[in-house]
Amino acid sequence: MKCNFSCIFLVTFLFLHEKVTLVTCSKGDSSWIFQRCLSGCLHKNCTNMKVFASRQPLSLKITGWHCEDECKYTCMWYTVDAYQKDSQQIPQFYGKWPFVRFFGIQEPASAIFSLFNALTHMMIFKFRARVPSVAPMYYVWHSMAVISAHAWFWSLAFHTRDTAFTEMMDYFCAFSLILYNLFLFFCRVVGTQHYIFLSALFIGLLSFCVRHFYYMAYVKFDYTYNVYICSCIGELFLSLFLFT
């Protein structure tokens, strides 16, 4: 139980910590320094896309950096330099702290850690060789590994290239992982032999998950709402694990 609790706590903490930092309002991209630089860069470099494409490195093409993205990245560091020369604190841009990209990867360290986390969860295949398939929690833990690896894969994609789609998938997969942890708790405590109860619980959680996805994707991509829901569910199952 200690090992399981520690692993789940670590995963939840990392995801929630990441999401909370994204909620913070940005100051850098709304500054007149950044906006003036961006306007000039777009006018100078993005009027002839053939010229831009011919000069763009292959690594940036593969990772999907468009001309506007290039201008935002260039102007971000121009603004950072201006703030530092004026002895001001480095601001955030679009809700995120500035990072030096590496071969088109926006956040190299976070991307590497996400990759290692995904690979760690794939160690379930060693578990398959040592535990018989008739074990009570066999398929529950397999599902946990697949959902976790999938979540960390999209975390890798998001930290590699921050787009609206990768951000949405990162949030959705993190939410599904947190929600599945709650289901896993009841499987562990109640027992997998109680099919009717677990089936009803699974359908209920799945319905709630679909509703959450629909709201975030088609109604409003609300950072505060997402963090609040994830925090409540996370605190609930962590409390259940801790006090049972």
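Counting with mature numbering (1 follows the signal peptide of the UniProt record, and there is no 0), you get residues -25 to -1, 1 to 219 for the letters of the sequence shown. Glycine is no exception: its CB is placed at the ideal position from the N, C-alpha and C atoms.
Cβ-Cβ distance between residue i and residue j below 8 Å
i: Ser135; j: Ala84; result: Rather than Ser, the amino acid found at residue 135 in this sequence is Thr. Contact: no.
i: Ile122; j: Tyr155; result: yes
i: Ser108; j: Ala126; result: no
i: Cys50; j: Cys12; result: yes
i: Leu215; j: Phe160; result: yes
i: Ala93; j: Ala124; result: yes
i: Ser89; j: Ser130; result: yes
i: Gln67; j: Gly3; result: yes
i: Leu1; j: Tyr69; result: Looking at the sequence itself, residue 1 is Ser, so the reference to Leu does not match. The answer is yes: Cβ separation under 8 Å.
i: Phe133; j: Thr141; result: yes
Nearest-angstrom Cα separation, counted from residue j out to residue i
i: Val(-3); j: Tyr200; result: Summary for Val(-3): the model assigns pLDDT 42, below 50, so the residue's position carries little reliability; its value from the coordinates is reported in the next sentence. If you take the alpha carbons of Val(-3) and Tyr200, they lie about 10 Å apart.
i: Ser27; j: Glu210; result: It should be noted that the sequence gives Phe, not Ser, for residue 27. Approximately 49 Å, taken between the alpha carbons.
i: Ile65; j: Phe177; result: 45 Å
i: Cys205; j: Ser14; result: 38 Å
i: Val185; j: Leu157; result: 16 Å
i: Lys60; j: Thr54; result: 10 Å
i: Phe188; j: Gln81; result: 26 Å
i: Gly39; j: Asp137; result: 10 Å
i: residue 239; j: Trp52; result: There is no way to answer for residue 239, as the model of the chain reaches only from -25 to 219.
i: Leu173; j: Asn20; result: 57 Å
Residues that residue i bridges to, as DSSP identifies them
i: Lys19; result: Its beta-bridge partners do not exist; DSSP assigns none.
For residue i, three-class secondary structure by DSSP
i: Glu210; result: helix
i: Lys71; result: strand
i: Ile8; result: helix
i: Phe77; result: strand
i: Ala110; result: coil
i: residue 222; result: Nothing about residue 222 can be reported from this structure: the residues present for the chain run from -25 to 219 only.
i: Val65; result: One point to set straight first is that residue 65 is Ile, not Val, in the sequence displayed. The answer is coil: DSSP assigns Ile65 none of H, G, I, E or B.
i: Val202; result: helix
i: Lys25; result: helix
i: residue 223; result: This structure cannot settle anything about residue 223, because the visible part of the chain is limited to -25 through 219.
i: Lys2; result: coil
Residue span of the alpha helix (DSSP H) that contains residue i, given as start and end
i: Asp197; result: Careful: Asp197 lies outside any alpha helix (DSSP H) and carries neither H nor E.
i: Ser85; result: 83 to 96
i: Tyr170; result: 170 to 189
i: Trp129; result: 113 to 135
i: Thr141; result: 139 to 165
i: Ala192; result: Neither: Ala192 is in no alpha helix (DSSP H) and is coded neither H nor E.
Below-8 Å beta-carbon distance, residue i vs any chain B residue
i: Thr138; result: Protein chain content of the structure displayed is limited to a single chain, and chain B is not contained in it.
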